[in-house]
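Asker: In my numbering, the protein residues as written are 39 to 298.
1) I need the straight-line Cα distance from residue 298 to residue 198, nearest angstrom please.
2) Answer yes or no: does any C-beta atom of chain C fall closer than 8 Å to that of residue 130?
3) Mind checking residue 238: buried by the 16 CB within 10 Å criterion, or exposed?
4) Can you give the beta carbon distance from residue 253 to residue 263, rounded, assuming they're within the 8 Å contact cut?
5) Tell me the DSSP secondary structure of residue 96 in three-state form.
6) Counting C-beta neighbours from all protein chains within 10 Å, is the total for residue 209 16 or more, i.e. buried, or is it exposed?
7) Is it buried or exposed, residue 257, if we count other Cβ atoms within 10 angstroms and call 16 or more buried?
8) Would you grab the beta carbon distance between residue 175 and residue 87 for me? Rounded to a whole angstrom, and I think it's under 8 Å.
9) Would you mind stating whether residue 220 and residue 232 have Cβ atoms separated by less than 8 Å?
10) Mapping DSSP to helix, strand and coil, what is residue 144?
11) At the level of alpha carbons, what is the spacing between residue 97 and residue 146?
12) If you follow the beta strand (DSSP E) that residue 150 is in, where does it begin and where does it stop?
13) Kindly indicate which residue of 106, 227, 107 and 84 has the alpha-carbon position closest to the one of residue 100.
14) Mapping DSSP to helix, strand and coil, what is residue 89?
In structure tokens, the structure reads:
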């Protein structure tokens, strides 16, 4: 009797361990009906990069909408492309899986994208190829790029601004500038109110190879010197300024977003 009871206990324990292992190994998918992970409204592709080659213009003026039922639509004029999306956790990373028909260029988005940043104004995604290790970047924003050729007229941003997103080559460093206020002056200076005082830097605008850029120069303090570079202007409105920089060394892409 004792032998039989002992055998039953061992069998139950094995079944329990097996079930737990199965649960741990499986990826978990968010319930799209009970909670919508992506804010409603219209989104635009503000950055699409394949292995450091920027191809954002392929999605110029397409309006994307993420629906709670897991569908996604991209509309431009009379053209409408329908696909699906979902979020899941994979090896400790939160990912967004996009699935579109085999129609160019939307088939390029059919991947499981790691979510770097997601809020009301921006969704920044990254995919690392399992074959060659190449990195693709995809960013959705609330405003379209100015034109296919990025014809943006740069003017001095008016008022006080804050950094809503700063991703340095896939590393989210937005918190570096939490609580900072940026004022762009028409004389080419920038006054930055930090948590420990005021820092003054410089800004200027140039056209480089047909691209409108903003150049920042800050002293080595409060990590502001990390922004010292020439930033391509993706879009500029009265309330938002989107910038990006492609490294000349390794082709890494950094993005910087200011909002009022």
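Where is the CB? At the ideal position from N, CA and C, for every residue including glycine.
Answerer: Here's the rundown:
1) The count along the chain shown starts at 1 and reaches residue 298 at position 260. The count along the chain shown starts at 1 and reaches residue 198 at position 160. Taking the straight line joining both Cα atoms gives about 6 Å.
2) No chain C appears in the structure shown, which is made up of a single protein chain.
3) The residue given as residue 238 occupies position 200 in the chain shown. The residue is exposed, with fewer than 16 neighbouring Cβ atoms inside 10 Å.
4) Position 215 of the chain shown, counted from the start, is the residue given in the question as residue 253. Position 225 of the chain shown, counted from the start, is the residue given in the question as residue 263. Contact flag wrong, Cβ pair sits at about 13 Å.
5) Position 58 of the chain shown holds residue 96. Residue state, collapsed to three classes: helix.
6) Position 171 of the chain shown, counting from 1, holds the residue named residue 209. It is exposed - the Cβ of residue 209 has fewer than 16 other Cβ atoms within 10 Å.
7) By one-based count along the chain shown, residue 257 stands at place 219. It counts as exposed.
8) Within the chain shown, residue 175 is the residue found at index 137, counting from 1. Within the chain shown, residue 87 is the residue found at index 49, counting from 1. Residue 175 to residue 87, Cβ: 4 Å. Contact.
9) Mapped onto the chain shown, residue 220 falls at position 182. Mapped onto the chain shown, residue 232 falls at position 194. Cβ atoms of residue 220 and residue 232: not closer than 8 Å.
10) Along the chain shown, one-based indexing puts residue 144 at 106. Note: residue 144 maps to helix in three-state DSSP.
11) Position 59 of the chain shown, counted from the start, is the residue given in the question as residue 97. Position 108 of the chain shown, counted from the start, is the residue given in the question as residue 146. Spanning the two alpha carbons is a distance of roughly 11 Å.
12) Translated into the one-based positions of the chain shown, residue 150 becomes position 112. Note, residue 150: beta strand (DSSP E), 150 to 156.
13) On the chain shown, position 62 is the one that residue 100 refers to. For residue 100, the nearest C-alpha among the options comes from 84.
14) The residue labelled residue 89 in the question sits at position 51 within the chain shown. In this structure, residue 89 counts as coil in the three-state DSSP scheme.
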